[in-house]
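Protein chains in written order, with full-length UniProt numbering: chain A, 1 to 249; chain B, 1 to 244; chain C, 1 to 223; chain D, 1 to 72.
Have a look at this one:
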């Protein structure tokens, strides 16, 4: 198993191999995303029971929670890619990190937006300085920072390393920020209830949530592979195999 | 044999005698002190900015005590945050542009302590005056006396973390021509914990409670920043040099 | 494929290649440098002379190949190598807020300090007598470069990487500088330099021509 | 199904506006995250192919002029 992972790692480091193998993965990710998201949506919207307190607006959870989850895990993935780039100098790691950033930012935005919409029936206001939403907002700024830094720096290798370092520094700080925001929230606004804080969810509620989460991950794979493949072509334009591929049509 | 007037000729050689890291650190402190003291404008501007932002608030909200006093901790901290950020923006860029940063990379000594020396002097010359200025601005915002001491102590601990974390952003953006906004975007999210615990300490003091919990958390943040940030700063500076 | 260099070589390069902005500057570069050698990098503009210098100083990562410091891969001993290295690049590395003397004091402090008179003497030899206590802001770019070159007069570091060291000097200055380099080499030091000047006085100058990448690297020794 | 009728389903217990707008916007953003990279991939490929063609043409031209130079 370990050996297999090691060879996979080394192969993924080669742009050519990455391009070819991800080409064959694409339909699988696409299929999984469509199936999981389809099943999850229908189940969550039509079959899962409504919440006894919030009623049917609770169904927004099926977008909000997976989006918030992905927003955080994509940032961690970016930091891991950053470590791989800085320590093992694997250039493909940067292609992946660059492709992750826009998807992560979208997920963060989505979590914020669905949180705001959810807030209207629940709190009676579009925005509330709820601990989870505030952390999400800060995470959104962190994503914007990484994207802006890449735009600002030249040449590309320098931008790659700088973004990797920023993502690593960010990942060390995220728990601190989260903890401090939670603390601040309990200090200032105790006893309002949090959107997704549930005592115990019945299986008919959390199974579709899990399916949606899997669907989001498949979507992540699909979207990131699409972006990474275009980036590989751009960066490896001079390589023989890219020219061959382009001539083949 | 007569040499031309400007003839280069090596001086008498002494045996090689490499100084220890601490001696180099001390020399770096002295050099930074001289350099930064001579750039007075860069030191005064953030202080003026700090005072000005604080003065604008009563004009924008209300001059009455019952409105100003509750928001005073927040206003003071936000202004201090922005002033620190502003003072850090040009910390490393001149060094990158005149080549002294690449010289620091080839001294044969680790870069982190050299960057720390620079940052230490910068803290002494910009954050410390800011802390000393803060009680006067606190009085103007009707900050209760009990909170003044806590504010200075909180600023003392918090500004260490602010300087160190901000310097990471300054290192990353050293190669960017005009980086003011970019630097703000990169660094401000990381300032949030300091802001929360800093204002928390002051509010605890105002409400008559103990600010110890907040202060010790600020201290922990400062300690964490001192141990981790220098390495990130050094890595950021190396990246900046490789881009020139 | 690449054989590790023999120990007495101070700096060795094996199959070194450099890419900048997706352009291959040079590749397959091999050379060994021994104590007492003067090496000049030649080639038209944009061929990667400065990049090679920055690569050897450790500012840039190599796209391929290795650098050895005294027979060891340099990745493991950058600090040791830097302790023996004196680098002067396009940028002088002189602080404008400090006086020439203060600037030199710092560089001397990195090597254990130097007497004030010696530093003053070094400044006067590069033609900066009378400027000791003026902030470098008031000096011209050429004068700042000469402050940097004054370091060569008192340094104990053995490997000199000099990128266009002659640009700020007049004819006499160039001659004196050449004399200095020969003196350093005779004392067992090593110099790598790039220059547009025809270096007539330098005896035993070894040249490496960085040319079109496909053509490989040509080397010639001028005695 | 949790709901009694289709209209009940669309009504979402009075929260239709919030639930459906949240899901619609989410779906739109997800689709954008697939379509935009896909278009970008296509555009990149086309652009690189064009660049390749241009370079090949340039090379052919330069070799022709070289030959002419030799003839003269």
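Glycine residues also receive a C-beta, built at the ideal position from the N, C-alpha and C atoms.
Please read all numbers here as calculations on a predicted model, not as lab measurements.
- Taking each of 128/A, 139/A, 85/A, 97/A in turn and checking the Cα distance to residue 109/A, the smallest one comes out for 139/A.
- Counting the other CB atoms within 10 Å of its CB gives residue 77/A a total of 16 or more, which places it among the buried residues.
- For residue 17/C, the three-state secondary structure derived from DSSP is strand.
- Annotated three-state conformation of residue 43/B is helix, per DSSP.
- Residue state for residue 147/A is assigned as helix, using DSSP reduced to three classes.
- Here residue 77/B has 195, 198, 199 as same chain residues with Cβ atoms under 6 Å from its own Cβ, once five neighbours each way along the sequence are excluded.
- A contact is defined here as three or more CB-CB pairs under 8 Å, and the region 43-57 of chain C meets this definition with respect to the region 17-34 of chain C.
- Under the three-state reduction of DSSP output, residue 47/C falls in the coil class, being neither helix nor strand.
- Neighbours of residue 155/A in chain B, taken as residues at a C-beta separation under 8 Å, are given in chain order as 243.
- Per the Cβ contact rule, the region 66-84 of chain B is not in contact with the region 52-65 of chain C (fewer than 3 Cβ pairs under 8 Å).
- Residue environment: residue 212/B is assigned as exposed (fewer than 16 neighbouring CB atoms within 10 Å of its CB, all protein chains considered).
- Proximity to residue 120/B across 24/B, 53/B, 160/B peaks at 160/B, based on C-alpha coordinates.
- For the pair residue 39/B and residue 34/C, the Cα-to-Cα distance works out to about 45 Å.
- Here DSSP, grouped into helix, strand and coil, assigns residue 237/A to coil.
- Looking at the DSSP output, residue 12/C shares a beta bridge with 32/C, 68/C.
- For residue 59/D, the closest Cβ of chain A is not nearer than 8 Å.
- Within the region 1-32 of chain D, the complete alpha helix (DSSP H) segments of 4 residues or longer fall at 6-11, listed in chain order.
- Looking only at 209/A, 103/A, 104/A, 130/A, the smallest Cα-Cα distance to residue 116/A is reached by 130/A.
- For the region 6-19 of chain D, residues whose beta-carbon sits nearer than 9 Å to a beta-carbon of chain A comprise 9, 11, 12, 13, 14, 15, 16, 17, 18, 19.
- Among the residues facing chain B, residue 104/C is not included, as its CB has no counterpart in that chain under 8 Å away.
- Ranked by Cα distance from residue 154/B, the first of 220/B, 94/B, 20/B, 44/B is 220/B.
- Residue 21/C reaches chain A at 155, counting residues in chain order whose Cβ is nearer than 7 Å.
- Under the Cβ criterion (8 Å, minimum of three pairs), the region 90-97 of chain A does not count as touching the region 34-46 of chain D.
- Going by C-alpha positions, residue 138/C is about 37 Å away from residue 207/C.
- Contacts with chain B at 8 Å (Cβ-Cβ) do not include residue 133/A.
- Note that the region 215-226 of chain A touches the region 33-46 of chain A; at least 3 beta-carbon pairs, one per stretch, sit closer than 8 Å.
- Residue 46/B is not a Cβ neighbour of residue 163/B, given a cutoff of 8 Å.
- A direct Cα-to-Cα measurement between residue 99/C and residue 34/B gives close to 10 Å.
- Remark: C-beta atoms of residue 100/B and residue 95/C approach each other more closely than 8 Å.
- In this structure, residue 240/B and residue 171/B form a Cβ contact; the two beta carbons are roughly 6 Å apart against a cut-off of 8 Å.
- For residue 155/C, the three-state secondary structure derived from DSSP is coil.
- Three or more beta-carbon pairs drawn from the region 12-31 of chain D and the region 112-126 of chain A are found closer than 8 Å, and the two stretches are therefore classed as touching.
- For residue 78/B, none of the residues of chain C pass the 7 Å Cβ criterion, the least Cβ distance being about 32 Å.
- CA-CA distance, residue 71/C to residue 81/C, rounds to 11 Å.
- Two segments are said to touch when three or more pairs of C-beta atoms, one from each, lie closer than 8 Å; by this definition the region 183-192 of chain B touches the region 172-183 of chain A.
- Contact of residue 19/B with chain C is assigned, a C-beta pair being separated by under 8 Å.
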